[in-house]
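The next block holds one structure in the form of structure tokens; read it before the comments.
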Amino acid sequence: MSKPIVRHWSLLAAVLLPLLLSLIFSYFAARNQLSHHMSSIGESLMNHSEQISDRAAAMLNRLQPFSAQPCNRVLIDIQRISNLNAYFRSIGLFEHHEILCSSAYGSLVRPLNSLVPDWFSLQAGQVSALSIAGTYGVPNRPAILFVQRNQDGSGSYVIIDGQYLLDFMNAVGRHQNDVFSLQVGDGYAIRNSQLAPDNTLLWHNFHLTLHSARYPITLSVDASASEFIRIWLQLLLTFLSLGIILALIFILLANNWLQRRHSFRDEMRRAIARDEFFVVYQPVYSNQTGTASGMEALLRWQRPNGEWVNPDMFIAAAEAEQMIIPLTRHLLSLIIRDSAGWQVPDGFHLALNVAAEHLQDESFLDDIRRFARHMALHTRQLKILLELTERSLIGDPQAVIGKLNELRREGFYVAIDDFGTGHCTLSYLQTFPLDYLKIDKGFVAAIEDIEGETPVLDTIIQLSHKLALQAVAEGVETPIQLHYLQQRNVAYIQGYLYAHPMRSDALMRWLKNPPTFPPDSKTPG
Ligand code: C2E
Ligand code: CA
Ligand code: CA
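Note that our numbering gives residue 684 to position 288 of the sequence shown, counting from 1, and the numbers run on in steps of one.
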């Protein structure tokens, strides 16, 4: 991706991400807050209803002693008790189907079902309760009726005025537009609003139902969508201010990162211009000839202050920052410069590490051919070997196969590097025109003794034989590893045991006077 595009996207992400997070977090926090609010007001309304019911039950008990007595004897007391208690609309006594005495109508005898339009069956000795839409005297205001009947058919009743519950509902639910519905027994539903809550827009209805453990009271609470949105917006403001701070931090970090990326690329360009890179060459040993058969070019970077930059690090960074092609061209020019005084045996090969991006770039063939022409001026007998990683082969296989075929026809060789560490399928090995297979040093390091089990390594070696590829083992550090690989006919050996990577002049001296190898030709014990 080009630099301005990366910059725009990173900055956009730095701004949008915190905003999106604020939106999501505040949404869930608002839901949480609303359901908390609903259960807390629901519980307090339920408590209130239970307390009123407790009073009614206590009042029924208090009326019991009066139930057998004539109304004119007890009426004064009944009216006094009723007036002292604010919640009661009326209280009274009845016998069978007639009200004989009431705080509201005195000793006027009325049928019991005139008290409420819909009377209900009474169990003797039990307190029954029912919410009702209205009473005989006050038909348009809901109430709760509590009744206790004795064995002999006499009994007492208490009517709680529903207004107290409605006031309470309005007090706790007014700002929130909450809709409460309270039902006692399977009576009339006492509601603070006849409107259905406007929460159908929300994918989750805010609805809560509570049941009393002591009375047959059922309470439901519905919150409105507008209430939810009000809480959400309120929280969003808090979260947004946090989000804006976060966005600012993100922008700073993103900027910093872009700056650093930018400066790393600049740094590499400067390092090329200041000649801070150089090439080292690591010889490869041929088991067949018993001599050095070639070498691998490896790039090194030393800063002016003497500090080394790790090749794995700067190669990966160059690949990530689209600098690998200029860097490889620089490497090729350094090799050309080094090769001016080279004298190498016939058929000696020079291995180059080729990055996936370069291989897939259209400049690749020209770059390699130009390099080969320059090299041929000094070292006609040198063979050039291209080391590709498994990653290079994926992407556009047909194009890569075409390029490799052309190059091989022109006398180049191809190796697959770090074999076994990538994600190359075995079928690729058959499809691609290859000459060498480089066994990754990780597999070589696993060899601990000559009899040891290294099934993966053995399989790779067998595979190279079956595919008629020459195997090169890299990272060979011990005589045991060497012996193990020689026993299994691995054709080439590369590693510190044979030679470390060297600068060009040291390598030429080394080639003129190579050390005896293996150092101790007896089988290691
Ligand atoms: P590679 O291609 O697998 O190179 C072999 C690495 O193993 C080199 O590390 C070499 O110094 C190291 N080595 C050689 N013998 C031994 C040994 O006996 N033991 C151990 N432990 N290591 C050994 P180096 O030079 O640090 O390079 C690391 C990687 O960086 C290379 O791995 C290669 O992938 C990349 N690289 C280096 N130079 C270039 C270059 O010019 N172009 C590209 N594209 N990649 C390069
Ligand atoms: Ca390599
Ligand atoms: Ca390798």
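Cβ coordinates follow ideal geometry from the N, Cα and C atoms, glycine included.
Predicted model only: the values in this text are computed from it and were never measured.
- When DSSP states are grouped into helix, strand and coil, Arg610 belongs to the coil group.
- The Cβ-Cβ distance between Val580 and Ser440 does not fall below 8 Å.
- The residues Leu782, Leu784, in chain order, have a CB closer than 6 Å to that of Val750 in the same chain once the five nearest residues on each side in sequence are set aside.
- Going by C-alpha positions, Ile711 is about 51 Å away from Gln630.
- Under DSSP, Asp734 forms no beta bridge with any residue.
- Following the DSSP letters along the chain, one finds Asp814 inside the beta strand (DSSP E) bounded by residues 809-815.
- By the rule of a C-beta closer than 7 Å to any heavy atom of ligand 3, the residues picked out are Asp813, Asp814, Lys834, Asp836, Lys837, Glu870.
- For Thr724, the number of other beta carbons within 10 angstroms of its own is at least 16, and it is reported as buried.
- Ranked by Cα distance from Val868, the first of Asn588, Ser499, Ser860 is Ser860.
- Non-local C-beta neighbours of Gln475 in its own chain, meaning closer than 7 Å and more than five positions away in sequence, comprise Ser499, ordered along the chain.
- Under DSSP, Glu494 takes part in a beta bridge, and its partners are Glu491, Pro507.
- Counting C-beta pairs with one atom in each stretch, the stretch 551-560 and the stretch 522-542 have three or more that are closer than 8 Å, which means they touch.
- Per the Cβ contact rule, the stretch 763-779 is in contact with the stretch 738-748 (3 or more Cβ pairs under 8 Å).
- Residue environment: His726 is assigned as buried (16 or more neighbouring CB atoms within 10 Å of its CB, all protein chains considered).
- At a threshold of 7 Å, Gln866 does not count as near ligand 1, since its beta carbon sits no closer than that to any of the ligand's heavy atoms.
- Val872 and Ile857 do not touch by the CB rule: their CB atoms are close to 13 Å apart, not below 8 Å.
- In the DSSP assignment, Tyr824 falls outside any beta strand (DSSP E) and within the unbroken alpha helix (DSSP H) covering 822-827.
- Between Ala426 and Ile627 a beta carbon distance of about 4 Å is seen, short of the 8 Å cut, so the two are scored as contacting.
- Boundaries for Val534: no beta strand (DSSP E) harbours it, and the DSSP string shows neither H nor E there.
- Shown here, His770 sits in a helix according to DSSP, grouped into three states.
- By the beta-carbon neighbour count (other beta carbons within 10 angstroms, threshold 16), Gln877 is buried.
- Under the DSSP assignment, His861 falls in the alpha helix (DSSP H) whose first and last residues are 851-862.
- As for any alpha helix (DSSP H) of minimum length 4 sitting wholly inside the stretch 748-798, the runs are 752-756, 760-774, 786-789, ordered along the chain.
- In terms of CA proximity to Phe815, Val840 leads the group Tyr584, Arg766, Val840, Ser524.
- Here Ala464 really is in contact with Ser550; their C-beta atoms are around 6 Å apart, less than 8 Å.
- If you draw a straight line from the Cα of Leu415 to the Cα of Leu633, it is about 11 Å long.
- Not one heavy atom of ligand 1 falls within 7 Å of the beta-carbon of Pro915.
- Cα atoms of Ser406 and Leu755: separation of roughly 29 Å, rounded to the nearest angstrom.
- Exclusion of Gly807 from the 7 Å shell around ligand 1 follows from its C-beta lying no nearer than that to any non-hydrogen atom of the ligand.
- In the displayed model, Glu715 falls within a helix according to three-state DSSP.
- Around the beta carbon of Arg656, a 10 Å sphere encloses fewer than 16 other beta carbons of the protein chains shown; the residue is thus reported as exposed.
- The bridge partners DSSP lists for Met898 are Tyr677.
- Going by DSSP, Tyr560 is part of the alpha helix (DSSP H) stretching over 559-569.
- The closest CA to that of Asn706, considering only Arg696, Glu715, Ala714, Pro700, is found on Arg696.
- Beta-bridge pairing by DSSP links Gly743 to no other residue.
- Checking the DSSP bridge columns, you'll see Gly690 partnered with Val680, His745.
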